[in-house]
Amino acid sequence: MVSYIIVTMLLGQLIHLTFAQTSTINVLLTGAVCFTTLITVAKPFDFKIKVLITLLMAAFVLLFSFAGQFFSLAPVWNVNMAMIYIPLLISVYPYFHFIRAFMLRFFK
14 MVSYIIVTML LGQLIHLTFA QTSTINVLLT GAVCFTTLIT VAKPFDFKIK VLITLLMAAF
74 VLLFSFAGQF FSLAPVWNVN MAMIYIPLLI SVYPYFHFIR AFMLRFFK
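For the sequence shown, my numbering assigns the number 14 to the initial residue and increments by one for each residue that follows.
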């Protein structure tokens, strides 16, 4: 998680993103990592767990999209921000499982 924050800050400086935009990307990535963790921990899935996770993800997306001003989030529909957060969002799941496998192997 810390590595994502560092990457976001460095790329934000390189592309000249504001602090609000960088912190918004970090909130988005924190949510993605938390949902990845929740999905990993909540196995085996039953109907209730699937509904719960789906509703939580939908609420996160809706709050992120429509209540951004309430939480002081920058709009995510920006090309400069998308160049950073889309590749990072795609890499969350494999990176999470790589770190998890590493920790399970060497720190058991």
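Even glycine gets a Cβ: it sits at the ideal position worked out from N, Cα and C.
{"Asked": "May I ask you to report which of helix, strand or coil DSSP gives threonine 43?", "Found": "helix"}
{"Asked": "Return the Cβ separation of serine 93 and isoleucine 18 in integer angstroms, given the expectation that the two are a contact with Cβ distance under 8 Å.", "Found": "With the sequence shown as reference, residue 93 is identified as asparagine, and serine is not the correct amino acid for it. So it is not a contact: roughly 18 Å between Cβ atoms."}
{"Asked": "Does the segment 65-82 come close enough to the segment 21-36 to have 3 or more Cβ pairs within less than 8 Å?", "Found": "no"}
{"Asked": "Roughly how many angstroms lie between the CA atoms of glutamine 34 and leucine 86, to the nearest whole one?", "Found": "7 Å"}
{"Asked": "Just how far apart, CA to CA, sit phenylalanine 77 and valine 40?", "Found": "9 Å"}
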